[in-house]
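Numbering (this note's numbering), first residue to last: 20 to 345.
Cβ atoms here follow ideal geometry from the backbone N, Cα and C, with glycine treated the same way.
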């Protein structure tokens, strides 16, 4: 028993060292903020993926903070996600949806608060909060994270269905719609998929990044906000006027994920032009029209070929404009 405990303690210590050496840890430390993950999560006590999901959640929150911004200074705003600590992470739909519970310490007149959010495993983007989660937070969230709404009807129906059956029916990506289906498989080049199938672990890693980019790049209403049909999302993306929908007043339980042609994937690379290795946190995604620099762990964009890696991300990652480590 004792050797096992020592082994577990050594594994937790190793995980902490890896995290503390990461850019997410540096970013939060620079802001003078606490560790975003509770002590018990470091051992992944309930599921081997608990810690990786918690870290990805912190990464995605950092991405929204740096790339989208917030209306108030997150360092002084007690309602900001940056002041929360992930205290529980549970798998809801295997390999697809997790619940993340975040606690906020009492601050001045603000009481202790807790919120539970449902996130996608691939990107850790928030899709909503379970209805029961409304009672979790005495402060009723207000606008603490920007995601106060419960799950949309389509997401709720999808999760309920997946929890009630062991059959995957193709899983989440079975609900994805994309153009040129003869040349792309779920938005990814058929020819490229055949090519990387012979690359072993490297090819598998590239495919994982590609699938993360796909879910990170679907039209926003696929994930949250107003429910829309695939056609409506395509028309809105193209700048066309919306058609009158006779079903608008009805709650539709069909989950629609739409990937514009602009974000179809031709290939994914871990090296820059000339064969230079990219920063370990970065990958380059080649689409039909341009290249994008993305974070490997959640597929979200941090730059493009014309401008390079955004300056704010160069500073956080400690890389140059072309994604090379400094």
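_Pair within 8 Å by beta-carbon distance, residue 327 and residue 303_ = Locating residue 327 in the chain shown gives position 308, where the first residue counts as 1. Locating residue 303 in the chain shown gives position 284, where the first residue counts as 1. For residue 327 and residue 303, no; Cβs fall outside 8 Å.
*residue 321 versus 230, 235 and 127, residue with shortest Cα-Cα distance*: By one-based count along the chain shown, residue 321 stands at place 302. Nearest option by C-alpha distance: 235.
_CB contact below 8 Å: residue 83 versus chain B_ = In the structure shown, chain B does not exist; there is a single protein chain.
_What residue range does the alpha helix (DSSP H) around residue 333 cover?_
By 1-based counting over the chain shown, the position of residue 333 is 314. Annotation: the continuous alpha helix (DSSP H) that includes residue 333 extends over 330–336.
_Just list the residues that DSSP pairs residue 169 with in beta bridges._
Stepping through the chain shown from its first residue, residue 169 is reached at position 150. Per DSSP, 148.
*asked:* Runs of 3 residues minimum, wholly inside the segment 210–292: which ones carry the beta strand (DSSP E) assignment?
replied: Within the segment 210–292, the complete beta strand (DSSP E) runs of at least 3 residues fall at 286–288.
*Going along the chain, which residues of its own chain have a beta-carbon closer than 6 Å to the beta-carbon of residue 177, five neighbours each way excluded?*
Indexing the chain shown from 1 puts residue 177 at position 158. These residues qualify, in order along the chain: 274.
*asked:* Below 8 Å, how does it come out for the segment 244–262 and the segment 286–306: are there three or more Cβ pairs, yes or no?
replied: Output reads no: the segment 286–306 does not touch the segment 244–262.
*Mind checking which residues open and close the alpha helix (DSSP H) that includes residue 205?*
Taking the chain shown and counting its residues from 1, the one referred to as residue 205 is at position 186. Counting along the chain, residue 205 falls outside any alpha helix (DSSP H), and DSSP gives it neither H nor E.
*Examine the Cβ distances between the segment 198–205 and the segment 137–150 and report whether three or more of them are shorter than 8 Å.*
Contact between the segment 198–205 and the segment 137–150 is absent: fewer than three C-beta pairs spanning the two stretches fall below 8 Å.
*Determine the DSSP secondary structure at residue 69, reduced to helix, strand or coil.*
Taking the first residue of the chain shown as 1, we reach residue 69 at position 50. DSSP places residue 69 in helix when its eight states are reduced to three.
_Integer-rounded CB distance, given that residue 50 should sit under 8 Å from residue 101_ = Counting from 1 along the chain shown, the entry for residue 101 is found at position 82. Counting from 1 along the chain shown, the entry for residue 50 is found at position 31. Yes, they are in contact, since the Cβ atoms of residue 101 and residue 50 sit about 7 Å apart, within 8 Å.
_Integer-rounded CB distance, given that residue 66 should sit under 8 Å from residue 110_ = Here residue 110 refers to the residue found at position 91 of the chain shown. Here residue 66 refers to the residue found at position 47 of the chain shown. Distance from residue 110 to residue 66 at the Cβ level is roughly 6 Å; contact confirmed, criterion being Cβ atoms closer than 8 Å.
*Compare the C-alpha of residue 325 against each of 310, 272 and 337 and name the closest.*
By one-based count along the chain shown, residue 325 stands at place 306. Nearest option by C-alpha distance: 310.
*To the nearest angstrom, report how far apart residue 75 and residue 56 are at their CA atoms.*
Along the chain shown, one-based indexing puts residue 75 at 56. Along the chain shown, one-based indexing puts residue 56 at 37. So the alpha carbons of these two residues sit roughly 11 Å apart.
_Distance CB(residue 243)-CB(residue 252) smaller than 8 Å_ = The residue you call residue 243 lines up with position 224 of the chain shown. The residue you call residue 252 lines up with position 233 of the chain shown. Contact flag unset, no.
*First and last residue of the beta strand (DSSP E) that includes residue 132?*
Against the chain shown, residue 132 aligns to sequence position 113. Start and end: 132–139.
*Tell me which same chain residues have a C-beta within less than 8 Å of the C-beta of residue 207, skipping the five on either side of it?*
As a first step, residue 207 is located in the chain shown; it is residue number 188 there, counting from the start. The answer, listed in chain order, is 226, 229, 230, 233, 283 and 284.
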